[in-house]
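Numbering (this note's numbering), first residue to last: 2 to 259.
Idealized CB from N, CA, C, for every residue including glycine.
See below for the structure under consideration.
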Ligand code: COA
């Protein structure tokens, strides 16, 4: 039924696994379309009370949006791409049933944004987090500038956004970006253990907790629109073409500020 993800439901927990391990589980259009479908199916599945999102293989959760799909996009197309990503990740964040991220390796760019759209995160000890878009002459577009700031505070968020640096699992724990760190083999069991506790509680009360907690950060959404505009804008710059082109050609980017 799916080509880019796998979905299975056991003991009321749906596990959605992004399944492009040869491309570090990068989020191409196929993954995003199927993730969208899988989230809708999970929300309406009476057999499922909670979900885990993870990546296949041992190296990556998700290493970002698929950079190969960035080439040749216009400003408007860049903005539309951000809109699509933000809509899918908002659907995750606003799910009345809990969805948690089991971060099993690199969570970069759109991968970090996907993990942050989940209700909370558990990481394996080899996980690495970052928003390296600035290396590509770009900014995050799937909610990263907003959710990273909400989760770890403005100073730390801006440092990560403008350096493109990665942080390891221990630092992510210290920053409050993840709730727990486990050995890689123990990651999914730890997630299931927590979700079984949640599943023993009243589902409507759980849903209301999530809704109320999400409302704590609600504003007029201006930050997300600003991000979408900024992401689209980058597609009109020389530096973004250079940055994405250099990654795909496996060379170092040379930026000119144009
Ligand atoms: N988009 C498209 N392809 C990607 C990708 C992405 N975000 N991340 C990794 N890949 C691909 C690589 O191009 C490579 O493909 P190939 O084998 O066909 O050449 C494959 O996945 C393996 O990645 P590679 O870079 O060889 O692995 P590594 O272990 O040396 O490095 C990373 C791992 C995650 C550090 C590195 O892949 C990386 O920096 N990825 C991009 C991260 C990024 O900028 N994300 C934000 C995007 S907006």
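Query: Starting from residue 11 and walking both ways along the beta strand (DSSP E), at which residues does that stretch end?; Result: 6-11
Query: Report yes if the C-beta distance between residue 97 and residue 120 is below 7 Å; otherwise report no.; Result: no
Query: Classify residue 160 as buried or exposed, calling it buried when 16 or more other Cβ atoms lie within 10 Å of its own Cβ.; Result: exposed
Query: Would DSSP call residue 167 helix, strand or coil?; Result: strand
Query: If you scan the region 46-95 from start to end, which runs of the alpha helix (DSSP H) of 4 or more residues do you find wholly inside it?; Result: 76-94
Query: Quick one: does the C-beta of residue 68 sit closer than 6 Å to a heavy atom of the ligand COA?; Result: yes
Query: Is residue 224 close to chain C? Criterion is C-beta to C-beta, closer than 7 Å.; Result: Included in the structure is just one protein chain, with no chain C present.
Query: By the three-class DSSP mapping on this structure, what secondary structure does residue 209 have?; Result: helix
Query: Measure the Cβ-Cβ separation of residue 103 and residue 55 and say whether it is below 7 Å.; Result: yes
Query: Whether or not the region 62-78 and the region 24-35 are in contact is what I'm after, with contact meaning three or more pairs of Cβ atoms, one per stretch, closer than 8 Å; do they touch?; Result: yes
Query: Taking buried to mean at least 16 other C-beta atoms within 10 Å of its own C-beta, is residue 241 buried or exposed?; Result: buried
Query: At what residues does the alpha helix (DSSP H) containing residue 130 begin and finish?; Result: Unbroken run through residue 130 is the beta strand (DSSP E), 129-131; no alpha helix (DSSP H).
Query: Does DSSP put residue 16 in a helix, a strand or coil?; Result: strand
Query: Using only the alpha-carbon positions, how far apart do residue 188 and residue 181 sit?; Result: 9 Å
Query: In this structure, what does DSSP give as the bridge partners for residue 181?; Result: 123
Query: Measure the CB-CB distance between residue 41 and residue 32 and report whether it falls below 7 Å.; Result: no
Query: Between the alpha carbons of residue 53 and residue 101, how many angstroms are there, rounded?; Result: 5 Å
Query: With a threshold of 16 other CB atoms inside 10 Å of the CB of residue 183, please say whether the residue is buried or exposed.; Result: buried
Query: Name the DSSP bridge partner or partners of residue 101?; Result: 53 and 121
Query: Is residue 234 helix, strand or coil when you go by DSSP?; Result: helix
Query: Keeping to the same chain, check which residues put their C-beta closer than 7 Å to that of residue 153; ignore five residues upstream and five downstream.; Result: 176, 177 and 178
Query: Excluding the 5 residues flanking residue 196 on each side, which residues of the same chain have their C-beta closer than 6 Å to its C-beta?; Result: 14 and 51
Query: Inspect the beta-carbon positions of residue 143 and residue 86 and report whether they are closer than 7 Å.; Result: yes
Query: Using CA atoms only, rank isn't needed, just tell me which of 192, 137, 123 and 165 is closest to residue 249.; Result: 137
Query: Look at the alpha carbon of residue 92 and the alpha carbon of residue 215, and state the distance between them as a whole number of angstroms.; Result: 12 Å
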